[in-house]
């Protein structure tokens, strides 16, 4: 099949249907009528001699062929987009682009407010979408261009993924004001005598501080395990439990709670986040500008 005989717009529609799982949502995303989306899908089905999607209830489920070609299609579309963008100068003052960033929820509240404040001044029409991507999918999403950049811990990714080390964060302990035993300072003996909250999205497993304590032959008592630091901060305000967490996020949350933020009496490696992007956007003016804004914001954080 010669590419001259193929309407590449059909693959843009294919990507939209695959992403949205619905002809209706795909039509809204692309600002096309639903009959136009259906017609494009019918043409692509004929071209590839495959149904590509099968309706199950209200969801369009991809066929094995559709699943096998989605990543190459996305990479090809992203390559065209990068080529076209690279041919033009990116002007943040007039751009109406929306960037998509992947980041963990613990990073989002510390980075997004100052990042959006900075972008709003330099690029009043530029938008940002922040979402969470499973670490196993991160490289594929970057390659496909469904996300422009990602912020996460140091991960074992291929050479196609570029990365930049971001400023480190430290670990602190949050204790409610008026705690009967902990006031203004905390040593390791007192830390181990207290009961603790552990925050994790996993069902089980140690935190960094538990790994270090175990290495020393020590153990703290976990009284409660939950998924979100906001929940844990609320519990701290109503109990004598202690919460160990990243300092910057602790400062953000503590604006509401007014807890004591005390130094962790334990030597831990600093929490190093990395900024990731794909090699195919390394020279893209828009992506490079976005990376510069993120780096500048993090360099100015306390």
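In our numbering, the protein residues as written are 768 to 1069.
Beta carbons: idealized from backbone N, C-alpha and C, even for Gly.
The straight-line gap separating the alpha-carbon atoms of residue 927 and residue 1062 is approximately 21 Å. Boundaries for residue 830: no beta strand (DSSP E) harbours it, and the DSSP string shows neither H nor E there. Between residue 859 and residue 884, the C-beta gap is not smaller than 9 Å, which leaves the two residues out of contact. The C-beta of residue 809 has fewer than 16 other C-beta atoms within 10 Å across all chains shown, which makes the residue exposed. Relative to residue 893, the option among 1016, 1054, 1067 and 1034 whose CA is nearest is 1054. Per DSSP, the continuous beta strand (DSSP E) segment holding residue 917 begins and ends at 916-920. Only exposed fits residue 821, as fewer than 16 other CB atoms lie within 10 angstroms of its CB. When only Cα atoms are considered, residue 968 and residue 773 end up about 45 Å apart.
Excluding its 5 nearest sequence neighbours in each direction, residue 999 has C-beta neighbours in its own chain below 6 Å: 964, 966, 993 and 1010, listed in chain order. Under DSSP, residue 966 takes part in a beta bridge, and its partners are 993.
For the 9 Å CB-CB criterion, residue 905 and residue 919 form a contact. With respect to the 9 Å criterion, residue 869 and residue 916 are classified as neighbours on the basis of their beta carbons. For residue 1048 and residue 948, the gap between their C-alpha atoms comes out near 53 Å. By DSSP's assignment, residue 1064 forms no beta bridge with any residue. Contact check for residue 1007 against residue 1045 fails: the beta carbons are separated by 9 Å or more. By the CB criterion at 9 Å, residue 895 and residue 886 fall inside the cutoff. With contacts defined as CB atoms closer than 9 Å, residue 938 and residue 1031 qualify as a contacting pair.
Rounded to the nearest angstrom, the gap between the Cα atoms of residue 931 and residue 846 is 22 Å. For residue 928, the enclosing beta strand (DSSP E) starts and ends at 928-932.
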